[in-house]
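*Asks:* Take a look at the following structure, please.
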């Protein structure tokens, strides 16, 4: 596991809410985006869950996750229709009231005329008591943050601006540094050396990912750490291994 | 929720195992594939979790999920390297022994010469006691099924052949029928009518998914049921609504 140099790691879980993902109708685009975004902030994403638009299931997942991780992010289920139940589920999870928030209505007035603020649209201004709003410059219906739970839209473009809006409020961890090396040998050939390398560099996380390209198996080795020197030592150890074993290897582009 | 016409619904959870998904390095391709595959089999995917390559976390997730759903599918973590801990985690979850299985070695001999069956590769022949193998015609290291838990590779092509291999062993549910209609109005305008439609068709699941295209908001309405007549009634009700409200709408392609 990644060393955190004496400070506690900042961790997160992501709860994706949406029947459309579970039915296979829609390919989720938010998991990878949020995962990479949090990694750049030094926040370690430790778990993702996808559940249906069901108040009980959402509330249960939020309660399970918010006690284990620094932050819980949710996407989806905050629109104006009958199947948007995320805000109610969050209120249920925290056992607080939910009501139309004047500041949410004020935000929506930047886009909607009074006659367009229908009861359906005003559903999007309902937030659990104690929550603070997250700005949505695109479609104006806000997200919100309640304690360590951050509730965002499911539409990727809107989720992304909400994430930008909330990021300055979050604790940052130590940046996670990454190096990748591509080996043109199957994982099975690289395995003994990599196991030894991991044992001798416990504070660097060494992952091994097979790939299959042009009918040949290869292995990406990904090294991650928050300590640049320890990472460099492990990378040097990997190149020693490559040289001793006679593997063909190239440094891969790091994110 | 979808009606199951007197028979119990066949349900599933998917557990995706892989640090690379959580770090944002790799975009998962298996969730959507498995979701759509199970939907076609009439198996209702109810939850997805993504966890790191960590024995404790995998075991805890498997135990939480296998008691709630008909099946639990896992992807990832069954390769030959030090970070492949899924088989051990499953053994731990079920509190059974794990050992090299002769039939798994026999399967691997179809591809590997004896001198290539190194200790690292033989790790891939270790399966928990009581498991039955799932054939892998591509790279030969098998998946396995233990009670209601189905353990597959993470590499998409290999996962896909394993899913084909195990599918005939699984209970099928009533096929889930789907119709989609695209409305060229924002969700907020469609919401009241859709809420009424859902109330009057409780055995049809009516989902509403906003989209943003050419700078305009629109709404996909997705209707799902196992009973064709009830689905047809709800679709007719939707077209009535479209006509009464003067929406522009087109039937969308169904999966």
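Chains as they are written, first to last, in my numbering: chain G, 1 to 255; chain U, 1001 to 1255.
For each residue, glycine too, the CB sits at the ideal point set by N, CA and C.
#1: Under the three-state reduction of DSSP, which class applies to residue 1041/U: helix, strand or coil?
#2: Quick one: is residue 3/G near chain U, going by C-beta distance under 9 Å?
#3: Measuring CA to CA, which of 25/G, 26/G, 17/G and 41/G is closest to residue 163/G?
#4: List, from N- to C-terminal side, the beta strand (DSSP E) runs of 3 residues or more that fit wholly inside the region 177 to 241 of chain G.
#5: Name the residue from 1014/U, 1217/U, 1200/U and 1019/U whose alpha carbon lies nearest to the alpha carbon of residue 1033/U.
#6: Would residue 1241/U pass as a contact of residue 1197/U if the rule is Cβ separation under 9 Å?
#7: What are the start and end residues of the alpha helix (DSSP H) that includes residue 1015/U?
#8: So, is residue 1210/U buried or exposed, given that buried needs 16 or more other C-beta atoms within 10 angstroms?
#9: Going along the chain, which residues of the region 120 to 133 of chain G sit with their C-beta nearer than 9 Å to a C-beta in chain U?
#10: Consider the Cβ of residue 1057/U: report whether some Cβ of chain G lies at a distance smaller than 9 Å.
#11: Please check the pair residue 75/G and residue 159/G, which I expect to be a contact at CB under 8 Å, by giving their CB distance rounded to whole angstroms.
#12: Could you please give me the residues that DSSP links to residue 75/G through a beta bridge?
#13: In three-state terms, what does DSSP make of residue 1087/U?
#14: Residue 1046/U: buried (16+ other C-beta within 10 angstroms of its C-beta) or exposed?
#15: Taking only beta-carbon positions, decide if residue 175/G is within less than 9 Å of chain U.
#16: For the region 26 to 43 of chain G, enumerate the residues whose C-beta is nearer than 8 Å to any C-beta of chain U, in chain order.
#17: Reducing DSSP to helix, strand and coil, say where residue 1022/U ends up.
#18: Quick one: residues in its chain with C-beta nearer than 8 Å to the C-beta of residue 156/G, no 5 flanking neighbours on either side, listed in chain order?
#19: Since residue 1220/U and residue 1190/U should fall inside the 8 Å C-beta cutoff, what is the C-beta to C-beta distance between them, to a whole number of angstroms?
#20: Please list the terminal residues of the continuous beta strand (DSSP E) segment that includes residue 1134/U.
#21: Evaluate the contact criterion for the region 100 to 119 of chain G versus the region 60 to 67 of chain G: three or more CB pairs, one atom per stretch, below 8 Å.
#22: Just how far apart, CA to CA, sit residue 226/G and residue 79/G?
#23: Identify which residue in 236/G, 153/G, 149/G and 81/G has its Cα closest to the Cα of residue 181/G.
#24: Report the rounded CA-to-CA distance for residue 1183/U versus residue 1195/U, giving the unit in angstroms.
#25: Taking only beta carbons into account, state which residues of the region 1067 to 1078 of chain U come closer than 9 Å to chain G, listed in chain order.
#26: Can residue 84/G and residue 1206/U be called in contact, C-beta distance under 9 Å?
#27: So, at 7 Å on beta carbons, what are the nonlocal neighbours of residue 1245/U in its own chain, with the 5 sequence-adjacent residues on each side left out?
#28: If contact means a Cβ-Cβ distance below 9 Å, which residues of the region 1015 to 1026 of chain U contact chain G?
#29: So, does the CB of residue 1109/U fall closer than 9 Å to a CB anywhere in chain G?
#30: What is the rounded straight-line gap between the Cα of residue 1141/U and the Cα of residue 249/G?
#31: Pull up the CB-CB distance for residue 1070/U and residue 1011/U, whole angstroms please, since I reckon it's below 8 Å.
#32: If you draw a straight line from the alpha carbon of residue 97/G to that of residue 136/G, how long is it in whole angstroms?
#33: With a CB to CB cut of under 7 Å and the five nearest residues on each side skipped, what residues in its chain are close to residue 1008/U?
#34: May I ask you to report which of helix, strand or coil DSSP gives residue 1027/U?
#35: Quick check: what's the CA-CA separation for residue 238/G versus residue 1095/U?
#36: Could you work out which residues of chain C lie near residue 1157/U, taking near to mean beta carbons separated by less than 9 Å?
*Replies:* Let me spell this out:
#1: coil
#2: Per-residue confidence for residue 3/G stands at a pLDDT of 39, beneath the threshold of 50, marking its modelled position as unreliable; the derived number appears in the next sentence. Taking Cβ atoms only, chain U never reaches closer than 9 Å to residue 3/G, which makes this a no.
#3: 41/G
#4: 177 to 183, 205 to 213 and 216 to 225
#5: 1014/U
#6: Yes, the pair counts as a contact, with Cβ atoms nearer than the cut-off.
#7: Careful: residue 1015/U lies outside any alpha helix (DSSP H), inside the beta strand (DSSP E) at 1010 to 1017.
#8: buried
#9: Here the close residues are 120, 121, 123 and 124.
#10: yes
#11: 5 Å
#12: 16/G and 152/G
#13: helix
#14: Buried.
#15: no
#16: 26, 27, 28, 31, 32, 33, 34, 35, 36, 37, 38 and 39
#17: Here residue 1022/U sits in helix by DSSP.
#18: Within the same chain, residue 156/G has close Cβ partners 29, 30 and 33.
#19: Rounded, the Cβ-Cβ distance is 10 Å, inconsistent with contact.
#20: 1132 to 1134
#21: no
#22: 38 Å
#23: 236/G
#24: 15 Å
#25: none
#26: Contact flag unset, no.
#27: 1193
#28: 1016, 1018, 1019, 1020, 1021, 1022, 1023, 1024, 1025 and 1026
#29: no
#30: Spanning the two alpha carbons is a distance of roughly 25 Å.
#31: 5 Å
#32: Spanning the two alpha carbons is a distance of roughly 23 Å.
#33: Only residues of its own chain outside the window of five on either side were considered, and among them none has a CB closer than 7 Å to the CB of residue 1008/U.
#34: Correct three-state label for residue 1027/U: coil.
#35: 36 Å
#36: Protein chains in the displayed structure are G and U, and chain C is not among them.
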